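Peer 1: This is the structure, below, for whatever I ask next.
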């Protein structure tokens, strides 16, 4: 009976959402349009440990709520870079950037809005 009570308390704690989340804002200055916003949100939300992600085109930032026990800021930045966009000081992956639609490329590269 004692083991059951300990297990029930542990299970209740685990299911109560007591894991602490953190929130960070990431500079995604290379986004150009709504397609970019959707691609960055999808890249970040696909990571295990992301609670929510919202990208704002007007400020060119991504606000991400995540669980630090599962991933770190560098993981978020790498996911964005792998999608073809700069993330803070992490540069976009050239192959991913080359595959973006013309409207998603920064103006100095011959595209953009």
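In the working numbering, the protein residues as written are 453 to 565.
Quick reminder that beta carbons are idealized off the backbone N, C-alpha and C, glycines included.
Note that this is a predicted model, so its numbers are computed, not measured.
(1) What residue from 477, 556, 520 has the CA that sits closest to residue 471's CA?
(2) Could you give the distance in angstroms between the alpha-carbon of residue 507 and the alpha-carbon of residue 547?
(3) Under three-state DSSP, which class holds residue 513?
(4) Does the pairing of the segment 479-489 with the segment 524-531 give three or more beta-carbon distances under 8 angstroms?
(5) Can you grab the Cα-Cα spacing for the pair residue 431 / residue 554, in whole Å?
Peer 2: In short:
(1) 520
(2) 22 angstroms
(3) strand
(4) no
(5) This structure cannot speak to residue 431, because the chain is shown only from 453 to 565.
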